[in-house]
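J.: Structure in structure tokens, see below.
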Amino acid sequence: MAKHFPLTVQFQKAESDLDYIEQKLEFEIRKSLPEDASVQENPVKLLEQLATVKLRFKTLSAQLETIAGDQQKSVDSIQATIGNTLKMVQHLQQQTDFQVSPFSQEELHALQQLENLAMKGGSVQ
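In UniProt numbering, the protein residues as written are 1 to 125.
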């Protein structure tokens with residue numbers, strides 16, 4: 001029966017395996033490569049460039065996660081602000097006996113969606 005590991009552990013193992021394969025491949029290439037091979041035909045140089053690209057990808061992925069988290073916080077804050085504003089407007093209308101026409105079906109649906117999302121912490125669809 002196979003063990004179930006968290007996804008992050010599986011990715012870390014896969015990355016570790018790829019690093020090992022990369023090192024082994026680089027070692028084998030260095031053994032068989034003539035000393036005077038040009039940069040364009042030198043697989044070791046290509047592997048070094050690959051390592052640079054891999055590092056850049058990791059950096060961009062981390063930045064993307066940060067941006068996505070910040071974006072979700074902004075959406076949550078905006079939803080909460082809109083919800084609070086609607087409640088204040090309704091309260092003020094009741095306090096001043098201000099008569100307004102009832103919400104349309106579309107407005108009621110949007111308000112209900114907003115309230116549901118504010119409770120769940122989701123995003124607007």
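Where is the CB? At the ideal position from N, CA and C, for every residue including glycine.
Should the segment 100-108 be called in touch with the segment 61-77, which here means at least 3 C-beta pairs below 8 Å?
T.: Taking 8 Å as the limit for Cβ pairs, the verdict is that the segment 61-77 does not touch the segment 100-108.
J.: Cα separation between MET88 and LEU55?
T.: Approximately 50 Å, taken between the alpha carbons.
J.: Mapping DSSP to helix, strand and coil, what is PRO102?
T.: DSSP places PRO102 in coil when its eight states are reduced to three.
J.: Three Cβ pairs or more, each shorter than 8 Å: is that satisfied between the segment 14-26 and the segment 42-59?
T.: The answer is yes - the segment 42-59 touches the segment 14-26, with three or more Cβ pairs under 8 Å.
J.: With DSSP collapsed to three states, give me the class of ASP76.
T.: The answer is helix: DSSP assigns ASP76 an H, G or I state.
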